[in-house]
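Peer 1: These protein sequence lines are chains E and U, in that order.
Convert by adding 406 to the 1-based position in the first sequence; the result is the number in this note's numbering.
Convert by adding 2 to the 1-based position in the second sequence; the result is the number in this note's numbering.
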Amino acid sequence: MKRGIVMVLLTSLAFLVTVVYLLSDTTPLQQKPVGVDALQVLEDTRTAQKVTSYVRQSLRNSAYAGLADLSQEGFFPKTVGNTSCPVIQGKPLLYTDASCSYTRKTFEAYYFSFVQRRFATFFPSPLYTLNLTAADFNFTITFDKDFMVLAGNASHSFIYTGKKVTYEFPISYNERIAYDFHHYTLLFKTLQNNLDCMQRFAKQQTALAEDTFGDALLKSCSFSDAFRWRFEKQGDLVFITATTKDPVLFLDNLSFAFAITLNNLHLPSPDNTLF
Amino acid sequence: MRKGQISLVPNFFSDILPGLFILLLAYAFFAFVDRDVSTNSLDALRFQDSYDRAFATFLHSSITPITYVGDAAKTQQATYLATHYTYGDLLFLATLDKQDATLYHNVFTSGIRSDLRSVSSLAFQQDSQWFFNFSSPDPLFFDDQGGSLTPAYISKPSAQSSHITFYYPLPHSQIPILITAALGTKEYVYA
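(1) Quick check on residue 558 of chain E: does DSSP put it in helix, strand or coil?
(2) Does residue 28 of chain U have its Cβ less than 8 Å from a Cβ in chain E?
(3) Taking CB distances under 8 Å as the criterion, tell me whether residue 85 of chain U reaches chain E.
(4) Report the neighbours of residue 661 of chain E on chain U: residues whose CB is nearer than 8 Å to its CB, in chain order.
(5) Within 8 Å, do at least three Cβ pairs link the segment 13–33 of chain U to the segment 621–639 of chain E?
(6) Taking the Cβ atom as the reference point for each residue, do residue 463 of chain E and residue 61 of chain U lie within a distance shorter than 8 Å?
(7) Within 8 Å (strictly less), CB to CB, does residue 655 of chain E reach chain U?
(8) Hey, would you say the C-beta of residue 647 of chain E is under 7 Å away from at least one heavy atom of the ligand SAM?
(9) Provide the residue span of the beta strand (DSSP E) that contains residue 661 of chain E, from first to last.
(10) Quick one: Cα of residue 702 of chain E to Cα of residue 495 of chain E, how far?
(11) For the segment 644–652 of chain E against the segment 467–482 of chain E, do three or more pairs of beta-carbon atoms, one drawn from each stretch, fall closer than 8 Å, so that the two count as touching?
(12) Is residue 153 of chain U close to chain E? Criterion is C-beta to C-beta, closer than 8 Å.
(13) Given 8 Å as the limit, is there contact between the segment 593–606 of chain E and the segment 566–575 of chain E, that is, 3 or more CB pairs closer than that?
(14) Does chain U have any CB closer than 8 Å to the CB of residue 477 of chain E?
(15) Around the Cβ of residue 532 of chain E, are there at least 16 other Cβ atoms within 10 angstroms (buried) or fewer (exposed)?
(16) Ignoring anything shorter than 4 residues, give me the alpha helix (DSSP H) runs that lie fully in the segment 445–495 of chain E, in order along the chain.
(17) Do you know offhand how far residue 64 of chain U's Cα is from residue 594 of chain E's?
(18) Assign residue 597 of chain E to buried or exposed, taking buried as 16 or more other Cβ atoms, counted over all protein chains shown, within 10 Å of its Cβ.
(19) Can you tell me whether residue 458 of chain E is buried or exposed, with buried defined as 16 or more other CB within 10 angstroms of its CB?
(20) Relative to the alpha-carbon of residue 545 of chain E, which residue among E/536, E/551, E/560 has its alpha-carbon at the smallest distance?
(21) Verify the CB distance criterion: does residue 462 of chain E have a CB-CB separation below 8 Å to chain U?
(22) Is the beta carbon of residue 579 of chain E sitting closer than 8 Å to the one on residue 558 of chain E?
(23) So which residues of chain E does residue 113 of chain U contact, with C-beta pairs closer than 8 Å?
(24) Taking the C-alpha atoms as reference points, what is the distance between residue 22 of chain U and residue 419 of chain E?
(25) May I have the straight-line CA-CA distance separating residue 505 of chain E from residue 650 of chain E, to the nearest angstrom?
(26) Going along the chain, which unbroken runs of the beta strand (DSSP E) with 3 or more residues stay wholly within the segment 506–572 of chain E?
(27) How long is the line joining the alpha carbons of residue 470 of chain E and residue 55 of chain U, rounded to whole angstroms?
(28) Please report whether the beta-carbon of residue 452 of chain E lies at a distance below 8 Å from any beta-carbon of chain U.
(29) Does any residue of chain E have a CB that is nearer than 8 Å to the CB of residue 107 of chain U?
(30) So is residue 637 of chain E buried or exposed if we call it buried at 16+ other beta carbons inside 10 Å?
(31) Given this structure, state the Cα-to-Cα distance separating residue 634 of chain E from residue 669 of chain E, to the nearest angstrom.
(32) I'd like to know whether the C-beta atoms of residue 549 of chain E and residue 587 of chain E end up nearer to each other than 8 Å.
(33) Look up residue 52 of chain U in the DSSP assignment and give the residues it is bridged to.
(34) What separation, rounded to the nearest whole angstrom, lies between the Cα atoms of residue 440 of chain E and residue 449 of chain E?
(35) Can you tell me which of E/500, E/415, E/474, E/472 puts its alpha carbon nearest to the alpha carbon of residue 665 of chain E?
(36) Is there at least one Cβ from chain E nearer than 8 Å to residue 25 of chain U's Cβ?
Here you go:
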């Protein structure tokens with residue numbers, strides 16, 4: 407009797423162990439398709455790709471938005487180094503203060519500040535649980551013929567924990583934008599080439615009415631035909647607006663508005679040429 | 003039974019019932035685990051993987067020029083886009099240049115239909131027609147076409163009668179873009 411009961415208990419226990427084993431061993435094979443784990447790992451690792459893609463596109467967007475801001479604010483920084491540049495009737499007065507020469511370096515730094523400001527707005531909330539900020543991403547802007555490049559690396563690697571894997575990934579970027587600000591270069595070149603002509607013209611044509619001054623000047627000197635020029639003479643001052651004839655990326659045109667004084671021109675020295 | 007003898011006959015309530023209860027718990031546990039795994043079906047994951055990769059590549063690729071028959075000006079504009087931008091740029095440019103937002107939309111939509119048609123997912127490619135409607139990044143992209151647009155704001159891929167929804171944040175309007183793929187009918191992009 408006692409032996410029989412022990413046998414019943416042992417048999418029940420063996421049955422229980424067998425059932426649990428079968429449930430744990432066979433059910434996943436029946437219901438979990440082969441490849442799900444691998445695809446879930448891939449999904450996790452794709453996060454690095456998505457985050458990198460986000461940062462790259464943010465840089466590109468910042469370059470475009472920076473250009474739009476620059477176009478609205480004006481292409482001439484209000485200060486160069488610690489020097490405030492002269493302004494008259496809201497327009498920068500060029501070639502009057504030798505300490506305020508706009509160089510390529512000045513302009514690049516100015517544009518860079520707009521791009522940075524925009525870039526900082528693209529990280530308002532965590533992305534895939536990662537707390538990203540613009541300060542994590544160092545970049546520089548270099549200009550070449552027909553394009554500029556925004557390139558750099560994240561200051562540190564990022565650690566992402568997905569459903570299946572935890573991994574660390576770096577982020578680097580090298581974005582090419584199809585514009586090199588050659589209009590800015592061209593504007594200064596054509597201005598510098600015509601400063602003598604403008605001064606001569608102003609001395610010779612003292613009796614010319616101010617409303618016909620612009621057309622006559624345009625015919626006498628050789629300004630670049632990439633722009634539409636508008637000259638407005640007010641005493642010794644000439645207010646100039648140069649508008650590009652062709653569209654620039656998404657903008658219909660770029661418009662440069664400034665003034666020069668014909669009596670007190672400081673021509674830039676050869677070692678401080680603009681662009 | 004004689005007096006003083008210990009009974010070895012198992013009592014059903016105290017000996018057998020707890021065993022059965024443990025058995026039921028074990029069964030319920032494994033059944034639950036399996037259900038959880040099966041919610042992300044292989045098809046859904048495979049589709050998402052293919053689509054995600056193709057979409058990321060698409061966004062950073064150069065634009066294929068489009069010819070608008072009988073409209074030289076529009077063709078010229080589209081050619082300009084092709085030589086200056088990536089597809090990802092177009093979404094953002096539509097926020098900066100409202101005047102040409104429709105052109106950006108058309109070029110983007112044409113490109114995504116053409117490029118993502120090749121997404122390799124056997125279960126979802128067969129007989130599927132690719133349609134894209136955008137409400138992001140700007141209402142100008144919204145193009146209902148009479149369909150019933152009910153955004154499904156979930157970020158986890160799920161397979162529910164051939165529908166897959168997943169989440170793709172883009173830095174255009176600081177709003178994540180959600181892409182819903184529907185087998186054989188329509189595709190929507192919501193923001």
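C-beta atoms are modelled at their ideal positions from N, C-alpha and C, and glycine is treated no differently.
Peer 2: Well, looking at it:
(1) Position 152 of the first sequence, counting from 1, holds the residue named residue 558 of chain E. Strand at residue 558 of chain E.
(2) On the second sequence, position 26 is the one that residue 28 of chain U refers to. Against chain E, the CB of residue 28 of chain U has a partner CB under 8 Å away; the residue lies at that interface.
(3) Counting from 1 along the second sequence, the entry for residue 85 of chain U is found at position 83. Yes, because at least one Cβ of chain E sits closer than 8 Å to the Cβ of residue 85 of chain U.
(4) Taking the first residue of the first sequence as 1, we reach residue 661 of chain E at position 255. At a beta-carbon threshold of 8 Å, none of the residues of chain U lie near residue 661 of chain E; the nearest stands roughly 16 Å away.
(5) In short, these stretches do not touch, since the Cβ pair count stays below three.
(6) By one-based count along the first sequence, residue 463 of chain E stands at place 57. By one-based count along the second sequence, residue 61 of chain U stands at place 59. Taking 8 Å as the Cβ cut-off, residue 463 of chain E and residue 61 of chain U qualify as a contacting pair.
(7) Here residue 655 of chain E corresponds to residue number 249 of the first sequence, with the count starting at 1. Residue 655 of chain E counts as touching chain U.
(8) With respect to the ligand SAM, the structure offers nothing, as it holds no ligand at all.
(9) Position 255 of the first sequence, counted from the first residue, corresponds to residue 661 of chain E. For residue 661 of chain E, the enclosing beta strand (DSSP E) begins and ends at 661–667.
(10) Nothing in the structure corresponds to residue 702 of chain E, since chain E is present only between 407 and 681.
(11) Fewer than three beta-carbon pairs drawn from the segment 644–652 of chain E and the segment 467–482 of chain E are found closer than 8 Å, and the two stretches are therefore not classed as touching.
(12) Working through the second sequence from its first residue, we reach residue 153 of chain U at position 151. Interpretation of residue 153 of chain U is limited by its pLDDT of 31, a score under 50 that renders its predicted location unreliable; the figure taken from the coordinates is listed afterwards. It does not: the Cβ of residue 153 of chain U has no partner Cβ on chain E nearer than 8 Å.
(13) Taking a contact to require three or more Cβ pairs closer than 8 Å, the segment 593–606 of chain E and the segment 566–575 of chain E do not qualify as touching.
(14) Counting from 1 along the first sequence, the entry for residue 477 of chain E is found at position 71. No, its Cβ sits nowhere closer than 8 Å to a Cβ of chain U.
(15) Position 126 of the first sequence, counted from the first residue, corresponds to residue 532 of chain E. Exposed, because fewer than 16 other Cβ atoms sit within 10 Å of the Cβ of residue 532 of chain E.
(16) You should have found no qualifying run.
(17) On the second sequence, residue 64 of chain U is found 62 positions in, with the first residue counted as 1. On the first sequence, residue 594 of chain E is found 188 positions in, with the first residue counted as 1. Computed Cα separation, rounded: 33 Å.
(18) Position 191 of the first sequence, counted from the start, is the residue given in the question as residue 597 of chain E. Burial of residue 597 of chain E is indicated by the presence of at least 16 other C-beta atoms within 10 angstroms of its C-beta.
(19) Along the first sequence, one-based indexing puts residue 458 of chain E at 52. With a threshold of 16 other beta carbon atoms within 10 Å, residue 458 of chain E meets it and is buried.
(20) The residue you call residue 545 of chain E lines up with position 139 of the first sequence. Of the listed residues, the one whose Cα sits closest to residue 545 of chain E is E/560.
(21) As a first step, residue 462 of chain E is located in the first sequence; it is residue number 56 there, counting from the start. Closer than 8 Å to some Cβ of chain U, the Cβ of residue 462 of chain E qualifies, so yes.
(22) Position 173 of the first sequence holds residue 579 of chain E. Position 152 of the first sequence holds residue 558 of chain E. Going by C-beta atoms, residue 579 of chain E is nearer than 8 Å to residue 558 of chain E.
(23) Here residue 113 of chain U is taken as the residue at index 111 of the second sequence, counted from 1. Result: empty, since nearest Cβ-Cβ is about 15 Å, beyond 8 Å.
(24) Taking the second sequence and counting its residues from 1, the one referred to as residue 22 of chain U is at position 20. Taking the first sequence and counting its residues from 1, the one referred to as residue 419 of chain E is at position 13. Approximately 11 Å, taken between the alpha carbons.
(25) To locate residue 505 of chain E, count along the first sequence from 1; it is residue 99. To locate residue 650 of chain E, count along the first sequence from 1; it is residue 244. If you take the alpha carbons of residue 505 of chain E and residue 650 of chain E, they lie about 28 Å apart.
(26) You should have 546–550, 553–559, 564–567.
(27) Counted from its first residue, the first sequence places residue 470 of chain E at position 64. Counted from its first residue, the second sequence places residue 55 of chain U at position 53. It is roughly 25 Å from the alpha-carbon of residue 470 of chain E to the alpha-carbon of residue 55 of chain U.
(28) For the purposes of this step, residue 452 of chain E is taken as residue 46 along the first sequence, with counting starting at 1. At least one CB of chain U lies nearer than 8 Å to the CB of residue 452 of chain E.
(29) Looking up residue 107 of chain U in the second sequence gives position 105. Chain E contact via Cβ: absent.
(30) In the first sequence, the residue the question calls residue 637 of chain E occupies position 231. It is buried - the Cβ of residue 637 of chain E has at least 16 other Cβ atoms within 10 Å.
(31) Taking the first sequence and counting its residues from 1, one reaches residue 634 of chain E at position 228. Taking the first sequence and counting its residues from 1, one reaches residue 669 of chain E at position 263. One C-alpha to the other measures close to 25 Å.
(32) If you number the first sequence from 1, residue 549 of chain E lands on position 143. If you number the first sequence from 1, residue 587 of chain E lands on position 181. For residue 549 of chain E and residue 587 of chain E, yes; Cβs fall inside 8 Å.
(33) As a position in the second sequence, residue 52 of chain U is number 50, starting the count at 1. Residue 52 of chain U is bridged by DSSP to nothing; it lacks a bridge partner.
(34) The residue given as residue 440 of chain E occupies position 34 in the first sequence. The residue given as residue 449 of chain E occupies position 43 in the first sequence. Note on geometry: alpha-carbon atoms of residue 440 of chain E and residue 449 of chain E lie some 16 Å from one another.
(35) Numbered from its first residue, the first sequence carries residue 665 of chain E at position 259. It is E/500 whose Cα lies nearest to the Cα of residue 665 of chain E.
(36) In the second sequence, counting from the first residue as 1, residue 25 of chain U sits at position 23. Answer yes: the Cβ-Cβ gap between residue 25 of chain U and chain E drops below 8 Å somewhere.
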